[in-house]
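Note that this note's numbering has the sequence shown beginning at 4, numbered continuously upward.
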Amino acid sequence: MTPRRLDADVIRNKLDAIERSCDVLASLGAVDADRLADDPVIAAAVERLLGRLVDLAVDVNTHVVSTRLGRAPAEYRESFDLAVEAGLFDTALAEDLKPSVGMRNVIVHEYVRLDLDRVAAAVPLAVDGYRRFVTVVARHLVDGS
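Written as structure tokens, this is what we have:
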């Protein structure tokens, strides 16, 4: 496999998309199970944005991991562990974000009926966690460490 080069512009674009998604989620205000049940448009937006955050972060992780470690993660959750191994961010952030992969999988694959209380509870956690992800990864790009 030919080693890939880190494309900082690709990562910056994805970080910008993560930041915009967080901003939209935050702009929705208080989201609870009743609001999600009563407003299918808000529910669809929340579901899409939660899934998008994970997809974009995994893209960033995979890009960095493939350039630094010369291999790609086999699954989404592993991308966070390998990003730690590649020095992109620390274990604490990875552990905070990995549960969002499970939420994304339930949303995308519809394994089970969504628990709207859990979806509502995921919103502020995702906004906080993925904003920290953007800050840490952007700083990592600037520092080059």
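C-beta: ideal position from N, C-alpha, C; glycine also. These figures come from a predicted structure and were not determined experimentally.
Exposure label - Arg107; buried when at least 16 CB within 10 Å:
buried
Distance, Ala125 Cα to Arg142 Cα
25 Å
Report the option in Ala75, Ser103, Arg71 and Ala77 whose CA atom is closest to the CA atom of Leu91.
Nearest option by C-alpha distance: Arg71.
Taking Leu138 as the reference, which of Leu9, Ile14, Val111 and Arg121 has the closest Cα?
A small correction: the amino acid at residue 138 is Thr; Leu does not occupy that position in the sequence shown. Nearest option by C-alpha distance: Ile14.
Please determine, among Gly73, Ser82 and Ala77, the residue with the shortest C-alpha to C-alpha distance to Val63.
Ser82
CA-CA distance, Ser210 and Leu53?
Nothing in the structure corresponds to residue 210, since the chain is present only between 4 and 148.
Let me confirm a value: Leu9 is counted as buried when at least 16 other C-beta atoms fall within 10 Å, else exposed. Which label applies?
exposed
Neighbourhood of Cys25 by C-beta, 8 Å cutoff - its chain only, sequence neighbours within 5 removed
Setting aside the 5 residues that flank it on each side, Cys25 is surrounded in the same chain by Leu56, Ala129, Val130, Tyr133, Arg134 and Val137, each with a C-beta closer than 8 Å to its C-beta; the list follows chain order.
Which residues in the same chain as Val145 place their Cβ atom closer than 8 Å to its Cβ, once the five residues preceding and following it in sequence are excluded?
For Val145, where only same-chain residues beyond five positions count, there are no Cβ hits under 8 Å.
Should the stretch 87-101 be called in touch with the stretch 38-52, which here means at least 3 C-beta pairs below 8 Å?
no
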